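Engineer:
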Amino acid sequence: EHLCTTHSTRREMIESLVLFSKTGSVLYTYKATTTKVAAASNKANNADKKLQENLNQLIHDYLLENRAAQEKSCVLHQKNKPGAGLVAEWEELNDRNWVAVAFYKEVLKGLKHMNFVRTLLKGCIKEFIIFYDRLLAEASTKTYHVPLPEEDLPKFDATFEALLRLCERNKIGKENGVTPPQDVTAGKDSDIKATTNGKKKKTGKQKTVWHGTGKVSKEAMEKLDQSKDKGSSAADADDSRALMEARATYLPSEGESATSWIDGEDDDLDDNCTDSESSSSWGGSLKGLFDQMSGNKVLTESDVSAALEGMEQTLVSKNVAQNIAKEICNGVKAKVVGKKLASFGRVKSTVRAALESSIARILIPQRSIDVLREVKAKQSKWISRQSRPYVIVMVGINGVGKSTSLAKIAYYLKSNGCNPLLAACDTFRSGAVEQLGVHAKCLDVPLFAKGYAKDPSAVAKEAIQVATEQRNDVVLVDTAGRMQNNVPLMNALSKLVVENNPDLVCFVGEALVGNDGIDQLQMFDQALRNGGHGRRIDGIILTKFDTVSDKVGAALSMTHITGQPVLFVGTGQKYNHLKKLSVPAVIKSLFS
Numbered sequence: 001e002h003l004c005t006t007h008s009t010r011r012e013m014i015e016s017l018v019l020f021s022k023t024g025s026v027l028y029t030y031k032a033t034t035t036k037v038a039a040a041s042n043k044a045n046n047a048d049k050k051l052q053e054n055l056n057q058l059i060h061d062y063l064l065e066n067r068a069a070q071e072k073s074c075v076l077h078q079k080n081k082p083g084a085g086l087v088a089e090w091e092e093l094n095d096r097n098w099v100a101v102a103f104y105k106e107v108l109k110g111l112k113h114m115n116f117v118r119t120l121l122k123g124c125i126k127e128f129i130i131f132y133d134r135l136l137a138e139a140s141t142k143t144y145h146v147p148l149p150e151e152d153l154p155k156f157d158a159t160f161e162a163l164l165r166l167c168e169r170n171k172i173g174k175e176n177g178v179t180p181p182q183d184v185t186a187g188k189d190s191d192i193k194a195t196t197n198g199k200k201k202k203t204g205k206q207k208t209v210w211h212g213t214g215k216v217s218k219e220a221m222e223k224l225d226q227s228k229d230k231g232s233s234a235a236d237a238d239d240s241r242a243l244m245e246a247r248a249t250y251l252p253s254e255g256e257s258a259t260s261w262i263d264g265e266d267d268d269l270d271d272n273c274t275d276s277e278s279s280s281s282w283g284g285s286l287k288g289l290f291d292q293m294s295g296n297k298v299l300t301e302s303d304v305s306a307a308l309e310g311m312e313q314t315l316v317s318k319n320v321a322q323n324i325a326k327e328i329c330n331g332v333k334a335k336v337v338g339k340k341l342a343s344f345g346r347v348k349s350t351v352r353a354a355l356e357s358s359i360a361r362i363l364i365p366q367r368s369i370d371v372l373r374e375v376k377a378k379q380s381k382w383i384s385r386q387s388r389p390y391v392i393v394m395v396g397i398n399g400v401g402k403s404t405s406l407a408k409i410a411y412y413l414k415s416n417g418c419n420p421l422l423a424a425c426d427t428f429r430s431g432a433v434e435q436l437g438v439h440a441k442c443l444d445v446p447l448f449a450k451g452y453a454k455d456p457s458a459v460a461k462e463a464i465q466v467a468t469e470q471r472n473d474v475v476l477v478d479t480a481g482r483m484q485n486n487v488p489l490m491n492a493l494s495k496l497v498v499e500n501n502p503d504l505v506c507f508v509g510e511a512l513v514g515n516d517g518i519d520q521l522q523m524f525d526q527a528l529r530n531g532g533h534g535r536r537i538d539g540i541i542l543t544k545f546d547t548v549s550d551k552v553g554a555a556l557s558m559t560h561i562t563g564q565p566v567l568f569v570g571t572g573q574k575y576n577h578l579k580k581l582s583v584p585a586v587i588k589s590l591f592s
């Protein structure tokens, strides 16, 4: 059995903390009173023995008796020494059969400042999951009861020490404007409110709706209502109901895939079609073009000119800009001129390859961005504390879905093992902080907020610092919606980006926008460049992509203008309605 000890010369409020598996393996141990000088002494050995006795007593009297789930704490008394016992507090992680237990002196029991122990236990489990899973992934092992190698455990010491200091100093909370994540499954529906100088901002009893307009069924409401708090006020009841409606609106429904960005639709393009193919196949609108190109002769430019004009008109009708449509057709022409394409199937496969090449060159022009991979790459440096969190800033005009898109990305990253923090940097629009707070509660992630009328750049900077201290590996920054010609607000946005140097600046726009959306994107991009350091829009997120039918040309036009890729498209209201835009999907939409 391996015990890893963190040494400290400070006087600690807890005696020790142990994280162990119910199978009997000790995963991590913290002991506050052991020093390097005494490590080999009888005193240290006696302390180890006493800790083992305390653990054995706890396991025998509570865990084996199935009392742990109900009580969560107990006093381990010493014979003939009233008041000299130890308090044991614990948290369980049932899906892994892990238990984290902290021991502290009985005389401290009931003191208000000892409330941090519960937060410490939950934080320790959460951080150790990330640490443990990362090392197991490298070892290709999937069991949760195997102790880690002895040489790896000291890497977690710094994380635990930082977590302990944060909890002891009560840094997690209103002092820094951070609202810790709520336990969604437990139905804790207390308010998430903006803080100003550490004080809660009072609100009236008028209900505010922060979600979509779709109706929620009574059955869904009853299923989601787990709080059953009969003593709440009318205002609390309204807020609780709003939160339940938000969960029903945004969280995946029962039986619905929680990972639609992975499942998606089948984007394979079938070239093995006959002349009798239906118009619903990807090449249905190009049937005449394929017929003109097939034959037992080498194709010349004049042979394909009429067909390519028809292709160009098809593209323009799908909201593709004229110059982009011409560029795509020129790519096809370069692939087919000078070739003998005898069969219909041969023509179709050749045209498809040319289209894929041309459209891929537009959709992924300079930098191919995989957000999850980039976050994970930066996350891998956390063990040695060589890096700050991965920072994503969302920009765009009012009403395009920035906050919801931010929440979708947070859901996507959290579902893939990341630990996000939301930063409420829209300090202008009334209700923006509360809206993001609802998303934070639905997602069960922390929210950083400083209220209204604050400098957004300063709020973002402080959020990144807090996330670094709390070991959140990604910060998603929500900014105020602004019209592209509002110079003061555009300057404030540029200041935020320059001063905080985010890893990713995402422009959020609607998929069916036309020239207005292109103008918005150009002016946002120009404003960032004018702010200094040559910073630009890094990627694009298109909302309401499920409403555009076959008119997907905006994706090509926006990407062509900025030279930056479309990272995600929103395909619905729920958090899992987020997809990566694939080249085959675009071809299928353009030429079905």
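full-length UniProt numbering applies: residue 1 is where the sequence shown begins, and numbers increase by one. Think of the CB as a built atom: it goes at the ideal place given N, C-alpha and C, for glycine as much as any other residue. Just so it is clear, the structure is predicted and the values come from calculations on it, not from any experiment.
Counting along the chain, where does the alpha helix (DSSP H) carrying G437 start and finish?
Structural biologist: G437 -> alpha helix (DSSP H) spans 432–443.
Engineer: Looking only at C-alpha atoms, which of M558, H439, T314 sits nearest to Q520?
Structural biologist: Minimum Cα distance to Q520 is reached at M558.
Engineer: Please tell me whether F448 and L421 are closer than 8 Å, where the distance is taken between their beta carbons.
Structural biologist: Contact: yes.
Engineer: Taking the CB atoms as reference points, tell me whether L504 and A460 lie closer together than 8 Å.
Structural biologist: Not in contact: L504 and A460 (Cβ atoms no closer than 8 Å).
Engineer: Cα-Cα, which of K326, K376, D426, V298 is closest to L308?
Structural biologist: Answer by Cα proximity: K326.
Engineer: On the CB-based measure, 16 or more other CB atoms within 10 Å of its CB, does N501 come out buried or exposed?
Structural biologist: N501 should be labelled exposed.
Engineer: Within 10 angstroms of the Cβ of N115, are there 16 or more other Cβ atoms? Answer buried if so, exposed if not.
Structural biologist: Per the 10 Å Cβ criterion, exposed.
Engineer: Look up A137 in the DSSP assignment and say whether it is helix, strand or coil.
Structural biologist: Reduced to three states, the DSSP call for A137 is helix.
Engineer: Keeping to the same chain, check which residues put their C-beta closer than 6 Å to that of W90; ignore five residues upstream and five downstream.
Structural biologist: Only V99, V101 meet the Cβ criterion.
Engineer: Is the beta carbon of I409 closer than 8 Å to that of residue 632?
Structural biologist: Residue numbering for the chain in the displayed model covers 1 to 592; residue 632 lies beyond these limits and cannot be assessed.
Engineer: Starting from I540, follow the beta strand (DSSP E) in both directions and report where the run begins and ends.
Structural biologist: Counting along the chain, the beta strand (DSSP E) containing I540 begins and ends at 539–543.
Engineer: Counting along the chain, where does the beta strand (DSSP E) carrying P154 start and finish?
Structural biologist: That residue, P154, is in no beta strand (DSSP E); its alpha helix (DSSP H) goes 154–168.
Engineer: The beta strand (DSSP E) with residue 599 in it runs from where to where?
Structural biologist: Residue 599 lies beyond the residue range present for the chain, which begins at 1 and ends at 592; the question has no answer from this structure.
Engineer: Between M490 and the rest of its own chain, which residues show a CB-CB distance below 8 Å, the 5 nearest in sequence each way excluded?
Structural biologist: Once the five neighbours on either side are set aside, the close Cβ partners of M490 are R482, Q484, M523, F524, A527.
Engineer: According to DSSP, simplified to helix, strand and coil, what is Y452?
Structural biologist: Note: Y452 maps to coil in three-state DSSP.
Engineer: Mapping the DSSP letters down to three states, classify G563 as helix, strand or coil.
Structural biologist: Correct three-state label for G563: coil.
Engineer: Might you give, ordered along the chain, the residues of its own chain that have their beta carbon closer than 8 Å to the beta carbon of A353, omitting 5 neighbours on each side?
Structural biologist: Result list for A353: K335, in chain order.
Engineer: Quick one: any contact between the stretch 555–574 and the stretch 534–542, if contact means 3 or more CB pairs under 8 Å?
Structural biologist: A contact exists between the stretch 555–574 and the stretch 534–542.
Engineer: Give me the Cα-Cα distance between L493 and K551, rounded to the nearest whole angstrom.
Structural biologist: Between L493 and K551, the C-alpha separation is close to 31 Å.
Engineer: Just the C-alpha distance for A432 and K454, rounded to the nearest angstrom, thanks.
Structural biologist: Going by the C-alpha atoms only, they are around 13 Å apart.
Engineer: Considering Cα atoms alone, identify which of K31, Y250, G399, K122 is closest to D157.
Structural biologist: Of the listed residues, the one whose Cα sits closest to D157 is K31.
Engineer: What do you get for V371, buried or exposed, if any count of 16 or more other CB atoms within 10 angstroms of its CB means buried?
Structural biologist: Buried is the call here.
Engineer: Taking T427 as part of the alpha helix (DSSP H), name the residues at either end of that continuous run.
Structural biologist: Here T427 belongs to no alpha helix (DSSP H), and DSSP marks it neither H nor E.
Engineer: So, at 7 Å on beta carbons, what are the nonlocal neighbours of I362 in its own chain, with the 5 sequence-adjacent residues on each side left out?
Structural biologist: Closer than 7 Å at Cβ, skipping near neighbours: I324, L556, T559, H560.
Engineer: Only counting the same chain, and skipping five residues up and downstream in sequence, which positions put a Cβ closer than 6 Å to that of D266?
Structural biologist: With a pLDDT of only 44 at D266, under the threshold of 50, the placement of this residue in the model should not be trusted, and no figure is reported.
Engineer: Looking at the secondary structure, which residues open and close the beta strand (DSSP E) in which K297 lies?
Structural biologist: Segment: none, K297 is in no beta strand (DSSP E) and carries neither H nor E.
Engineer: Could you name the residues of the same chain whose beta carbon sits closer than 7 Å to that of L436, not counting the 5 residues immediately before and after it, in chain order?
Structural biologist: So the qualifying residues of the chain are S403, L422, A424, L447, D478.
Engineer: Our contact map puts C167 next to L19 with C-beta atoms below 8 Å; I'd like the distance itself, whole angstroms only.
Structural biologist: At roughly 15 Å, the Cβ-Cβ gap does not stay under 8 Å, so C167 and L19 are not in contact.
Engineer: When you compare each of L121, P147, D48, A360 to L164 by their alpha carbons, which one comes out closest?
Structural biologist: Residue L121 is the option with its Cα nearest to L164.
Engineer: So, for N472: in the same chain, excluding its five sequence neighbours on each side, which residues have a beta-carbon less than 6 Å away from its beta-carbon?
Structural biologist: So the qualifying residues of the chain are P389, N419, L421.
Engineer: Quick one: what does DSSP say S380 is sitting in, helix, strand or coil?
Structural biologist: Reduced to three states, the DSSP call for S380 is coil.
Engineer: Rounded to whole angstroms, what is the Cα-Cα separation between L111 and D95?
Structural biologist: Their Cα atoms are separated by approximately 32 Å.
Engineer: For the beta strand (DSSP E) containing V583, name the first residue and the last one.
Structural biologist: Counting along the chain, V583 falls outside any beta strand (DSSP E), though it belongs to the alpha helix (DSSP H) covering 583–590.
Engineer: Please report the distance separating the alpha-carbon of T300 from that of G310.
Structural biologist: Going by the C-alpha atoms only, they are around 17 Å apart.
Engineer: Do you know how far the Cα of K339 is from the Cα of R346?
Structural biologist: So the two alpha carbons sit approximately 11 Å from each other.
Engineer: For L315, I'd like the list of residues in its chain whose CB is within less than 8 Å of its CB, leaving aside the five on either flank, ordered along the chain.
Structural biologist: The residues are I324, A325, I328, C329, G553, L590.
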